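S.K.: First the structure, then my questions, so here it is.
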Amino acid sequence: MASTSRNRSRSRQRASTSKNVTTISPENERGRLADLWKEAFPVGTEWDQYDKVYEINWDFKNLENAFEDGGLLFGKRVYLFGCTEPQLVWFKNEDGSDISRVVHIPAVVAVTSPFPPSDKVGIKSVQMEGEMIVPMKEMKMGWIPYIPEDVTEHTSLERYKTQIFTLKCTQRRAALKQLRQERIKKYEYCLPYLYQPLKEEDVQEDTIVNIMYPFDDESKPPVVAEYDWQFDEYEEFSDNLIEGEELPAEEKEKFMAYVKSLVMAEKKKLREAREARKRAIEEMSQETKDALKNMQFYKFYPVKTDDTPDISDKKAAFINRYYGKANQVL
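Per the numbering used here, residue 523 is the first one in the sequence shown, and the count goes up by one each step.
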């Protein structure tokens, strides 16, 4: 009898627990999303500009409304990441006069997808010859389920489900002074990465190589130029540089060999990328293909309020070199 009583008690506990499990999905988060945009880490923003982004009381009511019944993101699984765009904007002074200054305008990109769009970031700067594609965790970033604060105060997160995920960074700014400058700069050069093999089939390959030809005499500035193997000829291209006194005649053969090596390396890189893309598509499940085809990007900017600048003419569909353009800008 005691055993039966204990079993009934456990059953009641399990039943009670299952009743308490609440699904935190976009449709029941109304009124809780006013600060959701702040949860999406502004990837690529300089650390010394980070706090300045939040000095202005930006209003993302449009993002909040998108999750309501009838909104663009209602009932969907959504992944959010932030970015900032430095722009010269106008403000109203206290005396009514207009003043202007450069501010980092925040934007939030919403990706609708049944799975995380990527677990990697791309790192690329003008100083770097190539790009680095690294796991998010290497930069202390990752997709985190969004749970409103009033939920976390009263209930453990394990008992909740969510359909909203935000890109978070756990790098403590207080610890930045202990990092090398090179490591700090990587955060400023970060971009959310997305591999889109299905779309890349339609992208025209770049046939241009950037030339920075050095001389043995380091006091001479290098020859800086762009060579398009689709339209340029090695001989004619070199002769034009010689005629323009950018390249000494005695360097012609050596210069042409240098350019040819760059072209060969770039063609090899493109060929390997095509082969990798082909393999990726062949190995991809139909479910993944459908998800990639149906993946949508929405880019949200702050709406105009009495105490914020009008940035309506600053909006741009471009997200980054990996995501391309947003399907819709709001």
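Beta carbons: idealized from backbone N, C-alpha and C, even for Gly. Predicted model only: the values in this text are computed from it and were never measured.
1. Have a look at residue 645 and residue 571 and give me their C-alpha separation to the nearest angstrom.
2. So, are the CB atoms of residue 634 and residue 818 less than 8 Å apart?
3. Am I right that residue 631 and residue 605 are in contact with their C-beta atoms under 8 Å? What's the rounded C-beta distance?
4. Going by the CB atoms, is the gap between residue 629 and residue 821 shorter than 8 Å?
5. For residue 743, which of 721, 767, 785 has the nearest alpha-carbon?
6. Could you check whether the segment 560 to 570 touches the segment 701 to 715, counting it as contact only if at least three pairs of C-beta atoms, one from each stretch, sit closer than 8 Å?
7. Which residues in the same chain have their Cβ closer than 8 Å to the Cβ of residue 639, if we skip the five residues on either side of it in sequence?
8. Excluding sequence positions up to five away, which residues of its chain have a Cβ less than 7 Å from the Cβ of residue 658?
9. Could you give the uninterrupted runs of the alpha helix (DSSP H) lying entirely in the segment 593 to 677, keeping only those of 4 residues or more?
10. Between 655, 662, 788, 718, which has its C-alpha nearest residue 694's C-alpha?
11. Evaluate residue 760 with the Cβ neighbour count: other Cβ atoms within 10 Å of its Cβ, from every protein chain shown; 16 or more gives buried, anything less gives exposed.
12. Have a look at 592, 737, 793, 804 and flag the residue whose alpha-carbon is nearest the alpha-carbon of residue 776.
13. Could you give the residue range of the beta strand (DSSP E) that holds residue 818?
14. So residue 784 and residue 745 are supposed to be a Cβ contact under 8 Å. How far apart are they, rounded?
15. Looking only at its chain, what residues have a beta carbon closer than 7 Å to the beta carbon of residue 774, apart from the 5 residues adjacent to it on each side?
16. Note down the Cα distance separating residue 851 from residue 840, rounded to an integer number of angstroms.
17. Tell me where the beta strand (DSSP E) around residue 734 begins and ends.
18. CA-CA distance, residue 549 and residue 834?
19. DSSP has residue 850 in a bridge; who is on the other side?
20. What residues are listed by DSSP as bridge partners for residue 853?
21. Is residue 590 near residue 558, with beta carbons less than 8 Å apart?
22. Skipping 5 residues on each side, what residues in its chain have a beta carbon closer than 7 Å to that of residue 561?
23. Can you tell me which of the three DSSP states residue 581 falls into?
24. Cutting at 8 Å between CB atoms, please list the residues of its own chain near residue 676, excluding the five before and the five after it.
25. Checking the sheet assignment: what are the DSSP bridge partners for residue 688?
26. Of the choices 594, 574, 624, whose alpha-carbon is the least far from that of residue 849?
27. Which two residues bound the contiguous alpha helix (DSSP H) that contains residue 845?
28. Should residue 608 go down as buried or exposed, given a rule of 16 or more other Cβ atoms within 10 Å for buried?
29. Is it buried or exposed, residue 678, if we count other Cβ atoms within 10 angstroms and call 16 or more buried?
30. Compute the Euclidean distance between the alpha carbons of residue 847 and residue 686, then round it to the nearest angstrom.
31. Can you tell me where the beta strand (DSSP E) holding residue 749 begins and where it ends?
32. For residue 845, count neighbouring Cβ atoms within 10 angstroms of its own Cβ and tell me buried if that reaches 16, exposed if not.
33. Run the CB neighbour count on residue 598, radius 10 Å, all protein chains shown included, and call it buried at 16 or more, exposed below.
M.R.: Short version:
1. Residue numbering aside, residue 645 sits at position 123 when the sequence shown is read from its first letter. Residue numbering aside, residue 571 sits at position 49 when the sequence shown is read from its first letter. If I take the Cα positions, the gap works out to 19 Å.
2. Walking along the sequence shown from the start, residue 634 turns up at place 112. Walking along the sequence shown from the start, residue 818 turns up at place 296. Cβ distance < 8 Å, so residue 634 and residue 818 count as in contact.
3. Here residue 631 corresponds to residue number 109 of the sequence shown, with the count starting at 1. Here residue 605 corresponds to residue number 83 of the sequence shown, with the count starting at 1. Indeed, because the Cβ distance is near 7 Å, the residues count as touching under 8 Å.
4. Reading the sequence shown from its first residue, position 299 is the one you call residue 821. Reading the sequence shown from its first residue, position 107 is the one you call residue 629. Closer than 8 Å, so yes.
5. If you number the sequence shown from 1, residue 743 lands on position 221. Residue 743 has its Cα closest to that of 767, out of 721, 767, 785.
6. yes
7. Counting from one through the sequence shown, the residue named residue 639 turns up at place 117. Contacts found: 601, 633, 714, 716, 817.
8. Locating residue 658 in the sequence shown gives position 136, counting from the first residue. Within the same chain, residue 658 has close Cβ partners 641, 642, 643, 664.
9. 671 to 674
10. Against the sequence shown, residue 694 aligns to sequence position 172. Per the Cα distances, 662.
11. Looking up residue 760 in the sequence shown gives position 238. Classification for residue 760: buried.
12. Residue 776 sits at position 254 when you count from the first residue of the sequence shown. Nearest C-alpha to residue 776: 737.
13. Working through the sequence shown from its first residue, we reach residue 818 at position 296. Here the beta strand (DSSP E) through residue 818 covers 818 to 822.
14. Start at 1 with the first residue of the sequence shown, and residue 784 comes out as number 262. Start at 1 with the first residue of the sequence shown, and residue 745 comes out as number 223. Residue 784 to residue 745, Cβ: 12 Å. No contact.
15. Counting from one through the sequence shown, the residue named residue 774 turns up at place 252. Same-chain partners within the cutoff: 760, 764.
16. Here residue 851 refers to the residue found at position 329 of the sequence shown. Here residue 840 refers to the residue found at position 318 of the sequence shown. The straight-line gap from Cα to Cα measures roughly 9 Å.
17. Here the question's residue 734 lines up with position 212 in the sequence shown. Per DSSP, residue 734 belongs to the beta strand (DSSP E) from 730 to 735.
18. The count along the sequence shown starts at 1 and reaches residue 549 at position 27. The count along the sequence shown starts at 1 and reaches residue 834 at position 312. Caution applies to residue 549, whose pLDDT of 46 falls short of 50 and renders its modelled position unreliable; the model cannot decide the point.
19. To locate residue 850, count along the sequence shown from 1; it is residue 328. In DSSP, residue 850 forms a bridge with 820.
20. A question about residue 853 goes unanswered here, because the residues of the chain that appear run from 523 up to 852.
21. Along the sequence shown, one-based indexing puts residue 590 at 68. Along the sequence shown, one-based indexing puts residue 558 at 36. Their beta carbons are not under 8 Å apart, which means residue 590 does not touch residue 558 by this criterion.
22. Position 39 of the sequence shown, counted from the first residue, corresponds to residue 561. Cβ within range, chain order: 668, 688.
23. For the purposes of this step, residue 581 is identified with residue 59 of the sequence shown, where counting begins at 1. Note: residue 581 maps to strand in three-state DSSP.
24. Counted from its first residue, the sequence shown places residue 676 at position 154. Residue placement at residue 676 cannot be trusted, given a pLDDT of 48 that sits under 50; what the coordinates show is reported in the next sentence. Counting only Cβ-Cβ distances below 8 Å, and skipping sequence neighbours, we find nothing.
25. What you label residue 688 is simply residue 166 of the sequence shown in a count that begins at 1. Answer is 602, 666, bridged to residue 688.
26. In the sequence shown, the residue the question calls residue 849 occupies position 327. Out of 594, 574, 624, 594 has the C-alpha closest to the C-alpha of residue 849.
27. Counting from one through the sequence shown, the residue named residue 845 turns up at place 323. Neither: residue 845 is in no alpha helix (DSSP H) and is coded neither H nor E.
28. Along the sequence shown, one-based indexing puts residue 608 at 86. Exposed.
29. Residue mapping note: residue 678 aligns to position 156 of the sequence shown, counting from 1. Unreliable placement is indicated for residue 678, whose pLDDT of 48 sits below 50; no coordinate value is reported for it.
30. Translated into the one-based positions of the sequence shown, residue 847 becomes position 325. Translated into the one-based positions of the sequence shown, residue 686 becomes position 164. Each residue's alpha carbon lies about 22 Å from the other.
31. Taking the first residue of the sequence shown as position 1, residue 749 is located at position 227. Taken as a continuous stretch (DSSP letters only), the beta strand (DSSP E) holding residue 749 covers 745 to 750.
32. What you label residue 845 is simply residue 323 of the sequence shown in a count that begins at 1. With 16 or more Cβ atoms within 10 Å of its Cβ, residue 845 is classed as buried.
33. Stepping through the sequence shown from its first residue, residue 598 is reached at position 76. Flag for residue 598 reads buried.
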